[in-house]
Amino acid sequence: MKNYSAFILTFLVGLLFSTCIDPYHFESERPEWSLGMEGFITTLPKAHRIRLSRVDRFSPDFNGLNRPETLAKVLIKDDLGNVEVLTETTAGVYLTHEDFAAKIGRSYNLEILLNNGKRFISRPEIVVAAPIVDSLSYRSVKTATSNAMIDEVGVRIFAHFQDPPDERNFYFWNMQVSDFQMIAEPELNLNSPFHPTCPRCPNPLDCCRVCYYSERPSPPNVNTAEDSDFNGVYQNMPIAYIKDNGLRFKGIYKAKIQHLSVSQEAYRHLKLVGQQLSLTGTVFDPPPANIRGNLISLDEPDDQPLGFFFASDEIELETYIHPDRLEFLFRPQTLFPTDCRSYVVGIGITKPNDPTAIPADWKPN
Amino acid sequence: MLVLSSLLSISCEIEEVGTLNLLTEEIVNVSGERAIVMGRIVAFENIPVEDHGFYFAEEESFLEPMVVSLGATERPGRFVGEVSGLQLGRNYFVKAFVVRNGELIFGNVLSFETLNPSILRFEPLVQFGGGEITITGVNLADDTRVFFGDREAVVREVIFGFQVRVTVPPIATSISEQIRVVTSGVELLVETPFRYAVGKYTLLEEDALEGFSIIENIYFQREDRFFVGMGRDRSNRTTNGILGYENLVWEYDFGKGKWLETGFEARMQRRASDSHTGFVGGGIYQNTVSGPQIPNDNYWYFDGDDFQEIPSPPINMADGFGFEIQGQFYIAGGTLGVGSQVYRFDPATDSWEIRPNLPSNVDKGMVHFVYNDDLYWIDRDKNLFQYNPFTAQSSAISIYPSPMVEAVSDSGGFALVMGHKVFIGLYNNAREMWELDLETLDWGRKQNFAGDVRGVVAGAYAKDGLIYFLRSFAINPRTEFWEFDPEAF
């Protein structure tokens, strides 16, 4: 009995000690205010977009509010002294005029005057011509995943073009919002689980099987290349990859891509961004990096605004991906057992008024 | 032992301290009088310096430098300097400097050339004295001055070196002035002359049509003869219960300075189509205020002597466009049936034929005119359309500059072609008058209408470079006859 009591006493004292954890107080270092800039201009006449925001913390626990930087004056200047004043259309989003286009051979600066009086200017970016892309091709690819039973399936798009000899070229392919046929199975429609008389009973619908929607292709890879290894050689270059989620490639998919020439500095910046975006958490990942942009604070040299302003020659590319021309697709495909018009589009994508109407520029070959 | 001692000595190697490298790194931006330059202090530790910055000079010897001092700093790294007040179009040299322990240390030398200013455009091309124009150019300095002829204008603002907001001085002796811009001592002449918004309105008759406030009428001009008629009175005055005046057509007698009735009697027509050249017809028939509105299919052509009846088209049309191209009469749109249909009457064959529809619905409330055998009209969204009646091709080519208020000031008005210009304006309840150059598609403002604003244009004519128009009013019902001299001031 005495040994038993000693055991209990020891346990209680141990328990007491184990709860005596001294909290370690520290103050989380909140990052100072800093400017974030996203945007670039190209040689195509359109309303080019510059987005300004206040950078904030980004972590698994808390994502900053990433508040827009409003009421700023944003200018694009070329080396001849021409000035384009951008107009703020929504909070923090500044647009050029509809007919504004960069010119090949000219260099451009982005100048920003914030509402609080701070001034920023980007380092000059020269527009170099992008080589013409002869053609596009695509093929389905399989990638092993951590699940040995399921491979990732996607479509890789290739550009065929002649890299110009005797000059260094840097490329960036930017995936645009793309259109696709949403194939649904309205004949498999069921009543709702709350149906008063027959919940989840078959209730085939007559309409609609095919709709047309837009989406931002995923994954959001940054596709870049530089020609130090293939200068002057005809290229068959992978420029985009779209993952098959079981729904995308049930019908025809119209992929839209910007083919852009960029400067060496912009290429380096985009490549670093791409590396950081593709971190998977393995030991082979590159270390996290603070990617410097090309904006300079004219008032406080120690300010480190984020973002890289660049100017590119742009060629619009688009290709229709036909599922019957793909070697394989993701199986099983995702069923959409109701009217295709009830599909919910992603954030930032406008749902068409009549999703069954074929878009005016939909011309699959 | 030897190896170990060697390793020890290698690992104990200390980087050189207390030295720095200074770079004049990059010319970030150059304009006419301003430059932004970036430099860098390269060092392996914090090195306090008493001052750092840039030297700018026009000679590489830097004998008379402009110094941009950024003050003391302790940290190596990038620094940015901005200089203003440079001369336009000159070559400059720049080098970074630091002052350390009283010693002046320079970086490498870069050179750049400041840009020359130029003027690209100004808008609006026509403005009232006291109004504002914006001159757009490149590399304009803050000391920019603007002259209209010899008179200096007030510069309100120089915006980011590319725009100058200027108050136009009052009109002096000429309606056109050459603009000169002087920036940093450089004088620039603007090629396109500035024009004042001028025009003079003269009331010729206060009550031109015997107390009749005419609306829904037709009007046309044959050479120098003006005609108006076939409408209704705003206040629906009747004669023995019959709506009066709908049958009448008046002609203006310049000798007597009066509008006189012609002998022509129409068939109770109003809201008819009208080419303004002598072809009229269609519309509706209504003989009492509460009576039914019956489509009218009577069409006429005034040949200079008499009204000749022409065949009826195969459709009924009211409030439709009427226009004449190459001697053929077209009617289009209207408020009965399809509002975009087009029919053409060919006097040679004395017959009507259907033509391709217009791209959108039109009606007589929209200003329309013919120039170089193309039809032009302004829709209620202010778009100016050009339409080729032979190829049926159309496009929106410009936008009417004045605002329109829906159902208040988006109808009525007139368009009169004089040479390669067309005068457009005086919409219902509006004062604005514009001149459009049909070759350049530049709009020029004219003086606002001087009379009552709440009126409706009932006729418009051109003679000897002057514009004449009838405007009817609901308050104190009357129809006034005005002369407008577009160049007078």
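Chain order of the listed sequences is A and B. Residue 1 is where the first sequence starts when you use UniProt numbering, and the numbers rise one by one after that. Residue 1 is where the second sequence starts when you use UniProt numbering, and the numbers rise one by one after that. Each residue gets a CB set at the ideal place from its N, CA and C atoms; glycine is no exception.
Under 8 Å by beta carbon: chain A residues contacting Ser31/B: Near Ser31/B (Cβ distances below 8 Å), the residues of chain A are Lys77 and Gly81.
Please work out which residues of its chain come closer than 7 Å, Cβ to Cβ, to Tyr4/A, disregarding the five sequence neighbours upstream and downstream, and give them in chain order. Counting only Cβ-Cβ distances below 7 Å, and skipping sequence neighbours, we find nothing.
If the cut is a Cβ gap below 8 Å, which residues of chain B does Arg123/A touch? What Arg123/A touches in chain B: Glu26, Val28 and Met38.
CB contact below 8 Å: Pro45/A versus chain B: No, Pro45/A lies away from the interface with chain B (no Cβ there is under 8 Å from its Cβ).
Where the region 104-132 of chain B meets chain A: residues whose CB sits under 7 Å from a CB there: Result list: Leu115.
Closer than 7 Å: Tyr108/A CB and nearest the ligand PLP heavy atom: No copy of the ligand PLP appears in this structure; indeed no ligand is present at all.
Report the option in Gly327/B, Ile475/B, Thr479/B and Asp437/B whose CA atom is closest to the CA atom of Val457/B. The shortest Cα separation from Val457/B among Gly327/B, Ile475/B, Thr479/B and Asp437/B belongs to Thr479/B.
Excluding the five sequence neighbours on either side, which residues of its own chain have a C-beta within less than 8 Å of the C-beta of Ser228/A, listed in chain order? Excluding positions up to five away in sequence, the list reads Arg168.
Among the candidates Leu438/B, Trp482/B, Glu439/B and Gly444/B, whose CA atom is the shortest distance from the CA of Gly455/B? Of the listed residues, the one whose Cα sits closest to Gly455/B is Trp482/B.
Please determine if the region 462-472 of chain B and the region 185-193 of chain B are in contact, where contact requires at least 3 C-beta pairs separated by less than 8 Å. Using a C-beta cut-off of 8 Å, the region 462-472 of chain B makes no contact with the region 185-193 of chain B, since fewer than three inter-stretch Cβ pairs fall below that distance.
Classification of Trp33/A by the beta-carbon crowding that lies within 10 angstroms, buried from 16 upward: Counting of Cβ neighbours within 10 angstroms places Trp33/A among the exposed residues, the total staying below 16.
Ala240/A bridges to which residues according to DSSP? As a beta-bridge residue in DSSP terms, Ala240/A pairs with Ile157/A.
Strand pairing of Trp250/B, partner residues [DSSP]: According to DSSP, Trp250/B bridges with Val228/B and Glu261/B.
Assuming contact is defined by CB atoms lying nearer than 8 Å, are Pro263/A and Phe309/A in contact in what I supplied? Reading off the sequence, residue 263/A comes out as Ser, not Pro. Between Ser263/A and Phe309/A, the gap from beta carbon to beta carbon reaches 8 Å or more.
For Arg78/B, return the contacting residues in chain A, with the cut-off set at a CB-CB distance below 8 Å. Near Arg78/B (Cβ distances below 8 Å), the residues of chain A are Ile296 and Pro301.
Could you check the C-alpha separation between Pro204/A and Ile252/A for me, to the nearest Å? Looking at the two C-alpha atoms, the distance is approximately 24 Å.
Contacting residues, own chain, Cβ-Cβ under 7 Å from Lys351/A (five flanking each side not counted): Within the same chain, Lys351/A has close Cβ partners Val345.
Under 8 Å, Cβ to Cβ, is there at least one residue of chain B near Asn109/A? With 8 Å as the cut-off, Asn109/A counts as an interface residue toward chain B.
CB contact check: Val138/B to chain A, cutoff 8 Å: Chain A, which has a Cβ nearer than 8 Å to the Cβ of Val138/B, makes this yes.
For Gln341/B, which residues from the same chain have a beta carbon less than 6 Å from its beta carbon, with the 5 sequence-adjacent residues on both sides left out? Around Gln341/B, the same chain offers Asn357 as residues with beta carbons nearer than 6 Å, after the five sequence neighbours per side are excluded.
I'd like the ranges of any beta strand (DSSP E) spanning at least 3 consecutive residues and lying wholly in the region 83-148 of chain A. Taking only runs of at least 3 residues, the beta strand (DSSP E) segments lying wholly in the region 83-148 of chain A are 83-85, 87-90, 93-95, 107-113, 119-122 and 133-143.
Within the 8 Å Cβ cut-off, does Gly161/B reach chain A? For Gly161/B, the nearest beta carbon of chain A is closer than 8 Å to its own beta carbon.
Figure out for me which residue from Ser184/B, Arg75/B, Val362/B and Val422/B has the closest Cα to the Cα of Leu20/B. Nearest Cα to Leu20/B within the set Ser184/B, Arg75/B, Val362/B and Val422/B: Arg75/B.
CB-CB under 7 Å to Asp244/A, same chain, minus the five flanking residues each way: which ones, in chain order? Result list for Asp244/A: Val153, Gly154, Val155, Leu329 and Phe330, in chain order.
Helix, strand or coil: which one does DSSP assign to His269/A? Reduced to three states, the DSSP call for His269/A is helix.
Minimum Cβ-Cβ distance from Glu191/B to chain A less than 8 Å: For Glu191/B, the nearest beta carbon of chain A is not closer than 8 Å to its own beta carbon.
Limits of the beta strand (DSSP E) - the one that Gln328/B falls within: Judged by DSSP secondary structure, Gln328/B falls within the beta strand (DSSP E) whose first and last residues are Gln328 to Ala332.
Counting C-beta neighbours from all protein chains within 10 Å, is the total for Arg67/A 16 or more, i.e. buried, or is it exposed? Counting Cβ neighbours within 10 Å, Arg67/A comes out exposed, since fewer than 16 surround it.
Beta-carbon of Glu82/B versus every beta-carbon of chain A: anything under 8 Å? Contact of Glu82/B with chain A is assigned, a C-beta pair being separated by under 8 Å.
Residues near Lys73/A in its chain [Cβ-Cβ closer than 6 Å; skip 5 each side]: So the qualifying residues of the chain are Leu113.
Just the Cα atoms here: how many angstroms apart are Glu25/B and Gly39/B? Between the C-alpha atoms of Glu25/B and Gly39/B there is a straight-line separation of about 5 Å.
Below 8 Å on the Cβ atoms is my guess for Gly293/A versus Leu306/A; work out the distance and round it to an integer in Å. Contact flag correct, Cβ pair sits at about 5 Å.
Looking at the unbroken beta strand (DSSP E) that takes in Gln333/A, where does it start and where does it end? Per DSSP, Gln333/A lies in no beta strand (DSSP E) and is assigned neither H nor E.
Roughly how many whole angstroms lie between the Cα atoms of Gly459/B and Tyr427/B? Cα-Cα distance, rounded: 12 Å.
Helix, strand or coil: which one does DSSP assign to Leu295/A? Strand, per DSSP.
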